[in-house]
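K.L.:
The structure's right below; bear with me while I get my questions together.
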């Protein structure tokens, strides 16, 4: 016969302080576990949202990120002539050659310090290629002028990066004429200018970093890839969907954070498990007479084992719930860090996902099980007569 | 000294609980030590900086080059002993996961500027004589099995094309603080090829390394160098090597703060586990404390007993944890490629921090039980039923 759930539940309230302490311990472990995974996920989500899967981005095969990729004018010409490049209503090719460089800016705030900001030289079709990008303040830069527009994240976080200010780089002063917002993807952490202006300012005439164009339809991707393999002039370059390219930039950071986070959390989760074990052992020791009584009444050993195990699992699940609840508030936080993949600043939010939640639940159940197992066995193996006598 | 004996006996009363507590805390201490080691490894570049080295780079950002012509002008400044330079090569060796630092350097001056890289004279001569020779760090050689005479092929990205280098020298880092995973080759080789293939990019230097005679002159010489190139096409920013290394870390301050936050959480957990145990032990002995008080022992003695037991556990656990941190850190650096964390060792500051934390936690965890023991009157104590 099973021990009534009510008994198990109410037993938890007899040792309130120690039970509460154990729950807090589990909650802390789960909080850290979830926070680190949310961070890694946030970075990935931001970068995945940066590209569309019906745009194609071409970079040099060996390049580690956009800043070390070089595509010359000749190659640009070959790419622009591909039949898969979509055209808009006026017959203009939806293609942009981007020049990507990094400049140093000072961060706003008490910590201050410098960080790297991506400056991207783009051509006018860029807004058709990346329609989530909207100018929210000021105006678009004019071709032929030393003007730039800033992503909303940069305007928020860096000194002198607001509309109306000038920034000095490339031997000249650049006026910030507008601010754009992309709904929270990687481009929010960039500054955009006219590619020809930037090329001349940095003596990079005739060279781009990457080339992006819009596909007529997503299934033309394979045809494009085949063309790149076939054509000698395109051998050194790699084709990916824009989304895939930026997602890959998040890989290193994401794996690094997740691996380190999980490794450390597993370690100190042992501390929480020990805490649970100690609490459960004490619970068994204090309720020896009770257990003897239950057994005398006819409850089987395995019911006693199950009862204590379930108690332990309830403790750890409650801790997990609290930890998850607190961690979910992190989702309101927008933070910024250097992304190793692109070597420049990236703003992102902590992002919770179904996988993270289920991982946390499984993790806490594991902690509760391991912590409660040995004490439950001890409870189950008590000899009835000795137990009843031990009062 | 009977008190100590009593404290010890008290701890040993519940061997299982005491040993579980010690074990749990020790594991948390290992986690703490490991995390701090990761944070200090982050700062390895800053730690390894020399006070008499300055770095001059393009003021816009690190990725823009400086003209080779600057070299002589910098060398003429009084107080400058050696001017060396390097370019970040980047590129890919076999695949993008095999990352290590690859740089084209001024062969004649680089070892002068970096005496902490030790190369035998014969090997260095061999390196000087061959155009496409390279020097690899001892740790790197061990990781990839490079030997003298091996040919290392690379795919360039910043400097496009297929490249091949011959290993002619292996440098030994002076001590564990120095990065032994770097790869150097002749700047002249890089420049030659640029002149032939992309003439617009010949004569480009990534950054200058300036060894000065007196570290005290660092600020003034930095100022003089930057003055010299103000309003030119490539304005410079000169700073001490430590500041230069620091600038790389500043962008990642979020992650460092995250790690520090996790360290505090770990301490919190240690406190909870120890506190939990102490509360339980103290509660069980409520009657005994009442008896002791009846016999005439003062509150002070009770405090001593409880605090003493708490401290013994925390000190034992802390010691055990610190001892075990060494093999854990050792295992980590064996498993993880050296080029990810080139410098990974336990600093004295980590040991001190962990030790202090253990002591403080020992005191803090005894707080509630002590409070309760002092407040319970003798009569209530004698009456107490588990």
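Protein chains in written order, with the working numbering: chain A, 6 to 396; chain B, 70 to 455.
Where is the CB? At the ideal position from N, CA and C, for every residue including glycine.
Thinking C-beta only, is residue 340 (chain B) closer than 8 angstroms to residue 251 (chain B)?
P.N.:
Position 182 of the second chain, counted from the start, is the residue given in the question as residue 251 (chain B). Position 271 of the second chain, counted from the start, is the residue given in the question as residue 340 (chain B). No, the Cβ-Cβ distance between residue 251 (chain B) and residue 340 (chain B) is not below 8 angstroms.
K.L.:
For residue 224 (chain B), report the span of its beta strand (DSSP E) as first-last.
P.N.:
Walking along the second chain from the start, residue 224 (chain B) turns up at place 155. Looking at the DSSP string, the run of the beta strand (DSSP E) that includes residue 224 (chain B) is 220-225.
K.L.:
Check whether the region 303-319 of chain A touches the region 217-228 of chain A, counting contact only when three or more Cβ pairs, one atom from each stretch, lie closer than 8 angstroms.
P.N.:
no
K.L.:
Among residues of its own chain, excluding the 5 on either side of residue 347 (chain B), which ones have a beta-carbon nearer than 6 angstroms to its beta-carbon?
P.N.:
Mapped onto the second chain, residue 347 (chain B) falls at position 278. If we look at residue 347 (chain B) and ignore the five residues flanking it on each side, its Cβ neighbours are 379, 434, 435 and 438.
K.L.:
Could you check where the alpha helix (DSSP H) with residue 358 (chain B) kicks off and where it finishes?
P.N.:
Locating residue 358 (chain B) in the second chain gives position 289, counting from the first residue. Run containing residue 358 (chain B): 355-364, per the alpha helix (DSSP H) assignment.
K.L.:
Using a Cβ-Cβ cut-off of less than 8 angstroms, give me the residues of the region 52-71 of chain A that come near chain B, in sequence order.
P.N.:
65, 66, 67, 68 and 69
K.L.:
Measuring alpha carbon to alpha carbon, tell me which residue in A:130, A:380 and A:56 is nearest residue 255 (chain A).
P.N.:
Here residue 255 (chain A) refers to the residue found at position 250 of the first chain. Looking at the Cα atoms, A:56 is the closest of the given residues.
K.L.:
Is residue 328 (chain B) helix, strand or coil when you go by DSSP?
P.N.:
Working through the second chain from its first residue, we reach residue 328 (chain B) at position 259. It is helical.
K.L.:
Based on DSSP bridge pairs, tell me the residues matched to residue 213 (chain A).
P.N.:
Position 208 of the first chain, counting from 1, holds the residue named residue 213 (chain A). Answer by DSSP bridge pairing, in chain order: A:76.
K.L.:
Assign residue 220 (chain A) to one of three DSSP states: helix, strand, or coil.
P.N.:
To locate residue 220 (chain A), count along the first chain from 1; it is residue 215. Here residue 220 (chain A) sits in strand by DSSP.
K.L.:
What are the residues of the region 118-148 of chain B that lie near chain A, defined by any Cβ-Cβ distance shorter than 9 angstroms?
P.N.:
Listed in sequence order: 128, 129, 130, 131, 132 and 133.
K.L.:
Distance, Cα to Cα, residue 76 (chain B) vs residue 374 (chain B)?
P.N.:
Looking up residue 76 (chain B) in the second chain gives position 7. Looking up residue 374 (chain B) in the second chain gives position 305. Near 6 angstroms, if we compare the C-alpha coordinates of residue 374 (chain B) and residue 76 (chain B).
K.L.:
Where does the unbroken alpha helix (DSSP H) through residue 230 (chain A) begin, and where does it stop?
P.N.:
In the first chain, the residue the question calls residue 230 (chain A) occupies position 225. Taken as a continuous stretch (DSSP letters only), the alpha helix (DSSP H) holding residue 230 (chain A) covers 226-235.
K.L.:
Starting from residue 102 (chain B), find everything on chain A with Cβ-Cβ shorter than 7 angstroms and list it in chain order.
P.N.:
Position 33 of the second chain holds residue 102 (chain B). By Cβ distance, chain A contributes nothing, its closest Cβ being about 10 angstroms from residue 102 (chain B), past 7 angstroms.
K.L.:
Only counting runs of 3 or more residues, tell me where the beta strand (DSSP E) segments fall wholly within the region 261-332 of chain B, in order along the chain.
P.N.:
276-281 and 305-309
K.L.:
Among B:353, B:362 and B:209, which residue has its Cα nearest to the Cα of residue 406 (chain B)?
P.N.:
On the second chain, residue 406 (chain B) is found 337 positions in, with the first residue counted as 1. Considering only alpha carbons, the answer is B:209.
K.L.:
Report yes or no: is there a C-beta of chain A within less than 8 angstroms of the C-beta of residue 430 (chain B)?
P.N.:
The count along the second chain starts at 1 and reaches residue 430 (chain B) at position 361. Chain A, which has no Cβ nearer than 8 angstroms to the Cβ of residue 430 (chain B), makes this no.
K.L.:
Does DSSP put residue 162 (chain B) in a helix, in a strand, or in coil?
P.N.:
Mapped onto the second chain, residue 162 (chain B) falls at position 93. Coil, per DSSP.
K.L.:
Among A:306, A:321, A:346 and A:146, which one has its Cα closest to the Cα of residue 285 (chain A)?
P.N.:
Numbered from its first residue, the first chain carries residue 285 (chain A) at position 280. When only C-alpha atoms are compared, the closest one is A:321.
K.L.:
Going along chain B, which residues have a C-beta under 7 angstroms from residue 119 (chain A)?
P.N.:
To locate residue 119 (chain A), count along the first chain from 1; it is residue 114. Near residue 119 (chain A) (Cβ distances below 7 angstroms), the residues of chain B are 316 and 319.
K.L.:
At a Cβ threshold of 8 angstroms, is residue 194 (chain A) touching chain B?
P.N.:
Position 189 of the first chain, counted from the first residue, corresponds to residue 194 (chain A). False, the Cβ-Cβ gap to chain B never drops below 8 angstroms.
K.L.:
When burial is assigned at 16 or more other CB atoms within 10 Å of the CB, is residue 95 (chain A) buried or exposed?
P.N.:
If you number the first chain from 1, residue 95 (chain A) lands on position 90. With fewer than 16 other Cβ atoms within 10 Å, it is exposed.
K.L.:
Can you check whether the C-beta of residue 43 (chain A) is within less than 8 angstroms of a C-beta belonging to chain B?
P.N.:
Your numbering for residue 43 (chain A) matches position 38 in the first chain. Interface flag for residue 43 (chain A) against chain B is unset, since no Cβ pair is found closer than 8 angstroms.
K.L.:
Quickly, what does DSSP pair residue 243 (chain A) with across the bridge? List them, please.
P.N.:
On the first chain, residue 243 (chain A) is found 238 positions in, with the first residue counted as 1. According to DSSP, which records beta bridges pairwise, residue 243 (chain A) is partnered with A:64.
K.L.:
Please confirm if residue 411 (chain B) has its CB atom under 8 angstroms from at least one CB of chain A.
P.N.:
Residue 411 (chain B) sits at position 342 when you count from the first residue of the second chain. Answer no: the Cβ-Cβ gap between residue 411 (chain B) and chain A never drops below 8 angstroms.
K.L.:
Along chain B, in chain order, which residues have C-beta atoms closer than 7 angstroms to that of residue 282 (chain A)?
P.N.:
Against the first chain, residue 282 (chain A) aligns to sequence position 277. Result: 89.
K.L.:
Mind pulling the chain A residues with CB within less than 7 angstroms of residue 347 (chain B)?
P.N.:
Translated into positions along the second chain, residue 347 (chain B) becomes position 278. Result: empty, since nearest Cβ-Cβ is about 11 angstroms, beyond 7 angstroms.
K.L.:
Starting from the C-beta of residue 109 (chain B), find all residues in its chain whose C-beta is less than 6 angstroms away, skip the five residues before and the five after it, and write them out in chain order.
P.N.:
Residue mapping note: residue 109 (chain B) aligns to position 40 of the second chain, counting from 1. These residues qualify, in order along the chain: 416.
K.L.:
Distance, Cα to Cα, residue 227 (chain A) vs residue 189 (chain B)?
P.N.:
Taking the first residue of the first chain as position 1, residue 227 (chain A) is located at position 222. Taking the first residue of the second chain as position 1, residue 189 (chain B) is located at position 120. For residue 227 (chain A) and residue 189 (chain B), the distance between alpha carbons rounds to 54 angstroms.
K.L.:
Taking 8 angstroms as the threshold (beta carbon to beta carbon), is residue 313 (chain B) in contact with chain A?
P.N.:
What you label residue 313 (chain B) is simply residue 244 of the second chain in a count that begins at 1. No, residue 313 (chain B) does not count as interfacial toward chain A.
K.L.:
Measure the CB-CB distance between residue 97 (chain B) and residue 432 (chain B) and report whether it falls below 8 angstroms.
P.N.:
For the purposes of this step, residue 97 (chain B) is taken as the residue at position 28 of the second chain. For the purposes of this step, residue 432 (chain B) is taken as the residue at position 363 of the second chain. Their beta carbons are not under 8 angstroms apart, which means residue 97 (chain B) does not touch residue 432 (chain B) by this criterion.
K.L.:
Enumerate in chain order the residues of its own chain whose CB-to-CB distance from residue 205 (chain B) is below 7 angstroms, with the five nearest sequence positions on each side excluded.
P.N.:
Indexing the second chain from 1 puts residue 205 (chain B) at position 136. Non-local beta-carbon contacts of residue 205 (chain B) in its own chain, meaning distances under 7 angstroms to residues more than five positions away in sequence, involve 215, 236, 239 and 252 in chain order.
K.L.:
Which residues mark the beginning and the end of the beta strand (DSSP E) in which residue 6 (chain A) is found?
P.N.:
Locating residue 6 (chain A) in the first chain gives position 1, counting from the first residue. From DSSP, residue 6 (chain A) is part of no beta strand (DSSP E); its letter is neither H nor E.
K.L.:
Quick check on the burial criterion: 16 or more other C-beta atoms within 10 angstroms. Buried or exposed for residue 199 (chain A)?
P.N.:
Taking the first residue of the first chain as 1, we reach residue 199 (chain A) at position 194. Result: buried.
K.L.:
List, in chain order, every chain B residue whose beta-carbon is nearer than 7 angstroms to that of residue 174 (chain A).
P.N.:
Position 169 of the first chain, counted from the first residue, corresponds to residue 174 (chain A). By Cβ distance, chain B contributes 129.
K.L.:
Cα separation between residue 210 (chain A) and residue 332 (chain B)?
P.N.:
For the purposes of this step, residue 210 (chain A) is taken as residue 205 along the first chain, with counting starting at 1. For the purposes of this step, residue 332 (chain B) is taken as residue 263 along the second chain, with counting starting at 1. Each residue's alpha carbon lies about 49 angstroms from the other.
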